[in-house]
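Using mature numbering (1 follows the signal peptide of the UniProt record, and there is no 0), the letters of the sequence shown correspond one by one to residues -33 to -1, 1 to 395.
Where a beta carbon is used, it is the ideal one built from N, C-alpha and C, also for glycine.
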Amino acid sequence: RVMKLRSRDQWPGCALMLRFLALALCGVLGARALNNGLARTPTMGWLHWERFMCNLNCQEEPDSCISEQLFMQMADLMVSDGWKDVGYEYLCIDDCWMAPQRDSEDRLQADPQRFPGGIRRLANYVHSKGLKLGIYADVGNKTCAGFPGSFGHYDLDAQTFADWGVDLLKFDGCYCDSINHLENGYKYMSLALNRTGRSIVYSCEWPLYLRPFHKPNYTNIRQYCNHWRNFDDVSDSWQSIKRILDWTSFYQEKIVDVAGPGGWNDPDMLVIGNFGLSWDQQVTQMALWAIMAAPLLMSNDLRQISPQAKALLQNKDVIAINQDPLGKQGYRLRKEDNVEVWERPLSNLAWAVAMRNLQEIGGPYSYTIAVVSLGRGVACNPGCFVTQLLPVKKELGFYEWTSSLKTQINPTGTVLFQLEAARMVQKN
Ligand code: GLA
């Protein structure tokens, strides 16, 4: 196994040198994996899991079962309804695409009834629309839904995906026998994908599965993965969104600085446009996913989505914050009884600021904050232009550094602002 270092017992000197060489080699290969040139900004696209799960019943539910038809329809809509134009590019398959067995040459294969054209033809179709195709596999012996796992077949599976023209791999972590299996497997697959020579975004769940046993080493994880899930699966509920935000702020010291071009914390899919979130809660998810520099992977039904949810997901100003080229993740700046303030540094000395009303009772909550406390004291020094982006766009004008920003936030909702630095013109 590539990752195992030789024991030092018998040949201390020689083994030490080998160890050094192996570490150096790992470092180089790891760095190359991180440097796959991909995900320089958070990945944007669509992922089937939250909305469509593992629906195999194409007889009775042909429109919502996991089939090539579902992905072809989503591909069509991603182009015709403007999703691709605003940046949603990766159309991603999650669990349950596979046949229950590998083929005669041990390769993974798509279920022949549900994907009669196979993945290669689907990839061609998706590429013909100018989109990219994502697929799903598992580092362990089985996928979470019980389909064949990649353990023992990492090279073969990486090559199979590359041959098919796949552009992203979500690699799940179910059914691992040990921590070593999990960690070595995630690393090995990263290198295997790299060796295929095809550009494949590598989406991991390594820290999520590792955390119950020991603390993830994020510097290490970042060397191998383009994004990584830290926390439980999102579901279509306000409770789920709140838990993800609470987890993220609780661990922000550990995770925020690790994120940057090429590697991102992944708080899981956007569930905007489904059933469980109110309008204000959908605004909160969009605003905070932008602040968190999160991959924007929608899991919804693009055939049936309200104009309001569509406009929110396609909001170019908010997407621009998410995709800001500086690539710094935001953090929770303060938490009071009823309000949380989050902020994110952006390029050109701009800042994004989100204010959440935590109250789930009453009406809009009035909140005032001194602008000098935002953006590490420099965002509005000596002044800044403030634009409210969500829930609706409003130019609020110029703020001096001694002034206060007042707002009203709906229960469970968020107001998102952008602060642009106003520089003094030096007169000689
Ligand atoms: C795990 C992952 C989910 C999804 C399912 C599929 O729970 O965390 O995102 O991929 O498996 O079975």
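Can the beta-carbon of residue i be found closer than 7 Å to that of residue j?
| i | j | result |
| --- | --- | --- |
| A287 | A260 | no |
| G294 | P234 | no |
| S34 | R81 | yes |
| F128 | I102 | yes |
| V250 | L357 | yes |
| T335 | D247 | no |
| T8 | D62 | no |
| V345 | F384 | no |
| N197 | P174 | yes |
| P262 | T10 | yes |
| V93 | L58 | yes |
| A90 | G54 | no |
Hey, residue i and residue j are a contact pair by Cβ (cut 8 Å); roughly how many whole angstroms apart?
| i | j | result |
| --- | --- | --- |
| C347 | V338 | 4 Å |
| L237 | L269 | Incorrect: roughly 12 Å between the Cβ atoms, too far for contact. |
| M156 | Y121 | 5 Å |
| A389 | F365 | 6 Å |
| E28 | S202 | Their Cβ separation, rounded to whole angstroms, is 20 Å, which puts E28 and S202 out of contact at 8 Å. |
| G116 | D105 | 4 Å |
| L5 | N161 | Actually they are not in contact, since the Cβ atoms of L5 and N161 sit about 11 Å apart, beyond 8 Å. |
| V285 | A317 | The Cβ separation is near 14 Å, so there is no contact. |
| G243 | S204 | 4 Å |
| E367 | G350 | 5 Å |
| Y298 | Q219 | 5 Å |
Is the beta carbon of residue i within less than 6 Å of some heavy atom of ligand 1?
| i | result |
| --- | --- |
| W16 | yes |
| C111 | yes |
| D291 | no |
| D124 | no |
| D105 | no |
| D139 | yes |
| D78 | no |
| D233 | no |
| D213 | no |
| D144 | no |
| D247 | no |
| D200 | yes |
| D61 | yes |
Over the uninterrupted alpha helix (DSSP H) stretch that includes residue i, give me the two end residues.
| i | result |
| --- | --- |
| A389 | That residue, A389, is in no alpha helix (DSSP H); its beta strand (DSSP E) goes 381 to 389. |
| F198 | It is not in any alpha helix (DSSP H) - F198 carries neither H nor E in the DSSP assignment. |
| Y155 | 146 to 163 |
| F82 | Taken as a continuous stretch (DSSP letters only), F82 belongs to no alpha helix (DSSP H), as it is neither H nor E. |
| F352 | No alpha helix (DSSP H) contains F352, which is instead part of the beta strand (DSSP E) from 350 to 357. |
| M39 | 35 to 47 |
| R210 | 205 to 217 |
| N289 | 283 to 289 |
| Q375 | That residue, Q375, is in no alpha helix (DSSP H); its beta strand (DSSP E) goes 371 to 376. |
| A337 | Careful: A337 lies outside any alpha helix (DSSP H), inside the beta strand (DSSP E) at 332 to 337. |
Need the endpoints of the beta strand (DSSP E) that residue i sits in, please.
| i | result |
| --- | --- |
| L136 | 135 to 139 |
| D233 | 231 to 233 |
| Y169 | 168 to 171 |
| Y57 | 57 to 59 |
| M265 | 263 to 265 |
| L325 | Run containing L325: none; DSSP gives neither H nor E here. |
| A104 | 99 to 105 |
| T127 | Note, T127: premise wrong, no beta strand (DSSP E); alpha helix (DSSP H) at 121 to 131. |
| M11 | 11 to 14 |
| Y366 | 361 to 367 |
| R301 | 298 to 302 |
Below 6 Å, is the gap between the Cβ of residue i and the nearest heavy atom of ligand 3?
| i | result |
| --- | --- |
| L44 | The model depicted lacks ligand 3 and carries ligand 1 instead. |
If you pair each beta-carbon of the region 136 to 143 with each one of the region 80 to 97, do three or more pairs fall below 8 Å?
no
Could you tell me whether the region 319 to 334 touches the region 296 to 311, using the rule of 3 or more Cβ pairs below 8 Å?
yes
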